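Novice: Quick one: structure below, then a few questions.
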Amino acid sequence: NAGVTQTPKFRILKIGQSMTLQCAQDMNHNYMYWYRQDPGMGLKLIYYSVGAGITDKGEVPNGYNVSRSTTEDFPLRLELAAPSQTSVYFCASSYTREAGVGKLFFGSGTQLSVL
Amino acid sequence: AQRVTQPEKLLSVFKGAPVELKCNYSYSGSPELFWYVQYSRQRLQLLLRHISRESIKGFTADLNKGETSFHLKKPFAQEEDSAMYYCAPAGGNTPLVFGKGTRLSVIA
């Protein structure tokens, strides 16, 4: 099993550009999450999904959009990139929040710079 | 509001010395508590969870509900313990809330 796969690993965007960060998991997990990690700030939740067709906002959703059309995929969309979105983005998944409370499986991260 | 406080950004200890990474939380209800670790060039991964009462890589953590703390301890630090450590509570219907993390540096 590949686990949680994120692409791309690195990306540089110009201000105002758009892009989609891809995340896929092959563990049949129903919960998926997007976090961003800023230096010295820990991980902050952007969006999460409890199953296909269901998404919800996290702590810092502004400037991002998500969709969950399948169990496996949970892409994160940046519509108008801003320097404040320079960060490392992590996708994660878990089986169910109840059965595996807090046991998240993380991707390797996407390092995004907006210049 | 849910909040996690890890007061030390950086903790440096000598190899063989005891180490304690502090975590205090403010959370409604009775959350589960977790420690996650990120080694250099590796993915963030679960280290241990309080409900399992386990010891992983020599680390233990005791949940103190009175002090709302979940400090991570190891009696003898090793160089391979150098990493970023995150405390995280989870409960109710909300996803994990991560602390800002503590970077542990074990000096040979």
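One line per chain: the protein sequences are C and H, in this order.
If you want my numbering, it's the position in the first sequence, counting the first as 1, plus 27.
If you want my numbering, it's the position in the second sequence, counting the first as 1, plus 1111.
We put the beta carbon where it would ideally sit given N, CA and C, even for glycine.
Predicted, not measured: the structure shown is a model, and the values here were computed from it.
#1: Whose Cβ in chain C lies nearer than 9 angstroms to the Cβ of H:R1154?
#2: Rounding to the nearest angstrom, what Cα-Cα distance links C:N55 and H:K1185 in this structure?
#3: Buried or exposed: where does C:M59 fall if 16 or more other Cβ atoms within 10 Å of its Cβ makes it buried?
#4: Scan the segment 64–77 of chain C for residues whose Cβ lies nearer than 7 angstroms to a Cβ of chain H and list them as they occur along the chain.
#5: Taking C:T32 as the reference, give the member of C:Y74, C:K41 and C:C50 with the closest Cα.
#6: Which residue wins for smallest C-alpha separation from H:A1194, given the options H:V1208, H:L1121, H:S1166 and H:A1128?
#7: H:L1183: which of H:L1155, H:N1135 and H:E1190 sits nearest, CA to CA?
#8: When the Cα of H:L1155 is compared with those of C:Y116, C:L48, C:S140 and C:L139, which residue comes out closest?
#9: Return the bridge partner residues of C:S140 from the DSSP annotation.
#10: Which whole-angstrom value describes the C-beta separation of C:L103 and C:G90, a residue pair presumed to lie in contact below a C-beta threshold of 8 angstroms?
#11: Where does H:S1163 fall in DSSP's three states?
#12: Run through chain C and tell me which residues come within less than 7 angstroms of H:F1209, C-beta to C-beta.
#13: From which residue to which residue does the beta strand (DSSP E) around H:G1169 run?
#14: Is the separation between the beta-carbon of C:L142 and that of H:P1206 shorter than 8 angstroms?
#15: Counting along the chain, where does the beta strand (DSSP E) carrying C:T32 start and finish?
#16: Could you tell me which chain C residues have their CB closer than 8 angstroms to the CB of H:Y1197, listed as they occur along the chain?
Specialist: Working from what's here:
#1: Indexing the second sequence from 1 puts residue 1154 of chain H at position 43. Within chain C, the residues near H:R1154 are G30, V31, F117, F132, F133, G134, S135 and G136.
#2: The residue labelled residue 55 of chain C in the question sits at position 28 within the first sequence. The residue labelled residue 1185 of chain H in the question sits at position 74 within the second sequence. Rounded to the nearest angstrom, the gap between the Cα atoms of C:N55 and H:K1185 is 35 angstroms.
#3: As a first step, residue 59 of chain C is located in the first sequence; it is residue number 32 there, counting from the start. For C:M59, the number of other beta carbons within 10 angstroms of its own is at least 16, and it is reported as buried.
#4: Cβ contacts with chain H come from G67, M68, G69, L70, L72 and Y75.
#5: Counted from its first residue, the first sequence places residue 32 of chain C at position 5. The candidate whose alpha carbon is nearest that of C:T32 is C:C50.
#6: Within the second sequence, the letter at position 83 stands for residue 1194 of chain H. Minimum Cα distance to H:A1194 is reached at H:L1121.
#7: Here residue 1183 of chain H refers to the residue found at position 72 when the second sequence is read from its first residue. Looking from the CA of H:L1183, the closest CA among H:L1155, H:N1135 and H:E1190 belongs to H:N1135.
#8: One-based indexing of the second sequence puts residue 1155 of chain H at position 44. Relative to H:L1155, the option among C:Y116, C:L48, C:S140 and C:L139 whose CA is nearest is C:Y116.
#9: The residue labelled residue 140 of chain C in the question sits at position 113 within the first sequence. DSSP lists C:I39 as partners of C:S140.
#10: Within the first sequence, residue 103 of chain C is the residue found at index 76, counting from 1. Within the first sequence, residue 90 of chain C is the residue found at index 63, counting from 1. Taking C-beta atoms under 8 angstroms as the contact rule, C:L103 and C:G90 fail to qualify, at a distance of about 11 angstroms.
#11: Here the question's residue 1163 of chain H lines up with position 52 in the second sequence. For H:S1163, the three-state secondary structure derived from DSSP is helix.
#12: Against the second sequence, residue 1209 of chain H aligns to sequence position 98. Near H:F1209 (Cβ distances below 7 angstroms), the residues of chain C are G69 and L70.
#13: Start at 1 with the first residue of the second sequence, and residue 1169 of chain H comes out as number 58. Per DSSP, H:G1169 belongs to no beta strand (DSSP E) and is neither H nor E.
#14: On the first sequence, position 115 is the one that residue 142 of chain C refers to. On the second sequence, position 95 is the one that residue 1206 of chain H refers to. H:P1206 is positioned such that its CB atom lies no closer than 8 angstroms to that of C:L142.
#15: Locating residue 32 of chain C in the first sequence gives position 5, counting from the first residue. Start and end: V31 to T34.
#16: Counting from one through the second sequence, the residue named residue 1197 of chain H turns up at place 86. What H:Y1197 touches in chain C: G69 and L70.
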